[in-house]
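Novice: Numbering (our numbering), first residue to last: 1 to 192. Glycine included, each C-beta is placed from N, C-alpha and C at the ideal position. Predicted model only: the values in this text are computed from it and were never measured. Please find one structure pasted underneath; my questions will follow.
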C-alpha cells in the first residue's frame, strides 16, 4: 500500500512539475496569461478533493490513473505560483550582469534566473507533495489503492486501529517528505 501511495503521489507531482514549471515561466512573461493561468489553477485548488476525484472518475473511470490525474491537478497551483514568484524575485543586478556578459534570454533564464529561483520552486514542490500525500488517501473511493485503503477498510469495519494505522502512516510519510525536501532546500540555499 505504501509503495502504491508513493508511486501515485510521485507520478502526479512529476507531471505537475513538467507542466507547472513552464507555465510559471510563461506567467512572468505576460500579465494576462498569468491572470488566466493562476485563476484556473486557483479554481482547481478550491474544488473539494473528493468532488474533484469523483468528477475525474466520471470522465476517466476508476483506478490508479484517475488518482494520478487528480494529484497532478491539485499540485499545479503551488508549483506554478512559486515558480513565477521565484523568477520575479531574482535580483535585477544578476540579470544585468548576465546581459552584460552577452547571454541570450534563454541563457539568462536557465543559467541565472532559474537557478536563483530554485528555493522558491522547491518550496512549491514541498507544498504540492504534502497536499498530494493527503489527497492520495482518498484514492480508494475511486478505485485507487495506497494508504487510504487501510483507512477506508477501518471505516467499513469500524476498526479505529486500522483507521489510525493508515492515517498516522500517511502523516508520517508527509512529514518525512517535507523534512527531506527541507534539507535539500537548505543545501541549495547554502550554496548560493
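#1: Return the chain-ordered list of same chain residues with a C-beta closer than 7 Å to the C-beta of residue 84, the five sequence neighbours on each side being excluded.
#2: Measure how close the beta-carbons of residue 78 and residue 127 come, nearest whole angstrom, since I'm counting them as under 8 Å.
#3: Would you call the segment 40 to 51 and the segment 60 to 79 in contact, with 3 or more CB pairs under 8 Å?
#4: Using the rule of at least 16 other Cβ atoms within 10 Å of the residue's Cβ for burial, across every protein chain shown, is residue 58 buried or exposed?
#5: Can you tell me which of the three DSSP states residue 150 falls into?
#6: When the distance is taken between beta carbons, is residue 136 closer than 8 Å to residue 8?
#7: Are the beta-carbon atoms of residue 185 and residue 122 separated by less than 8 Å?
#8: If residue 142 and residue 16 are in contact, beta carbons under 8 Å, what's the gap, nearest whole angstrom?
#9: For residue 89 versus residue 117, is the C-beta spacing smaller than 8 Å?
#10: What residue from 52, 47, 19 has the CA that sits closest to residue 37's CA?
#11: With distances taken Cα to Cα, identify the nearest neighbour of residue 178 among 112, 103, 129.
#12: Please classify residue 3 as buried or exposed, where buried requires at least 16 other C-beta atoms within 10 Å of its C-beta.
#13: Do residue 72 and residue 144 count as a contact pair if the criterion is CB distance below 8 Å?
#14: Identify whether residue 157 lies in helix, strand or coil by the three-state DSSP scheme.
Specialist: Working from what's here:
#1: The residue you call residue 84 lines up with position 84 of the chain shown. For residue 84, the CB contacts under 7 Å within the same chain, skipping 5 residues up- and downstream, are 24, 27, 28, 34 in chain order.
#2: Along the chain shown, read from residue 1 onward, the residue named residue 78 stands at position 78. Along the chain shown, read from residue 1 onward, the residue named residue 127 stands at position 127. With 8 Å as the limit, residue 78 and residue 127 qualify as a contact, their Cβ atoms being about 4 Å apart.
#3: Contact between the segment 40 to 51 and the segment 60 to 79 is present, because at least three Cβ pairs lie under 8 Å.
#4: Numbered from its first residue, the chain shown carries residue 58 at position 58. The C-beta of residue 58 has fewer than 16 other C-beta atoms within 10 Å across all chains shown, which makes the residue exposed.
#5: As a first step, residue 150 must be located in the chain shown, where it is residue number 150. Taken through DSSP and simplified to helix, strand or coil, residue 150 comes out as helix.
#6: Start at 1 with the first residue of the chain shown, and residue 8 comes out as number 8. Start at 1 with the first residue of the chain shown, and residue 136 comes out as number 136. Closer than 8 Å, so yes.
#7: On the chain shown, residue 185 is found 185 positions in, with the first residue counted as 1. On the chain shown, residue 122 is found 122 positions in, with the first residue counted as 1. Against a cut-off of 8 Å, the Cβ pair of residue 122 and residue 185 comes out as a contact.
#8: Start at 1 with the first residue of the chain shown, and residue 142 comes out as number 142. Start at 1 with the first residue of the chain shown, and residue 16 comes out as number 16. Approximately 19 Å separates the beta-carbon atoms of residue 142 and residue 16; this is outside 8 Å, ruling out the contact.
#9: Here residue 89 refers to the residue found at position 89 when the chain shown is read from its first residue. Here residue 117 refers to the residue found at position 117 when the chain shown is read from its first residue. Taking a C-beta distance under 8 Å as the contact criterion, residue 89 and residue 117 qualify as a contact pair.
#10: Indexing the chain shown from 1 puts residue 37 at position 37. Closest in C-alpha terms to residue 37, from the list 52, 47, 19, comes 19.
#11: By 1-based counting over the chain shown, the position of residue 178 is 178. Considering only alpha carbons, the answer is 129.
#12: For this step, residue 3 is matched to residue 3 along the chain shown. A residue is called buried once 16 or more other Cβ atoms fall within 10 Å of its Cβ, and residue 3, having fewer, is exposed.
#13: Position 144 of the chain shown, counted from the start, is the residue given in the question as residue 144. Position 72 of the chain shown, counted from the start, is the residue given in the question as residue 72. At least 8 Å separates the beta-carbon of residue 144 from that of residue 72.
#14: For the purposes of this step, residue 157 is taken as residue 157 along the chain shown, with counting starting at 1. Of the three classes helix, strand and coil, the one that applies to residue 157 here is helix, per DSSP.
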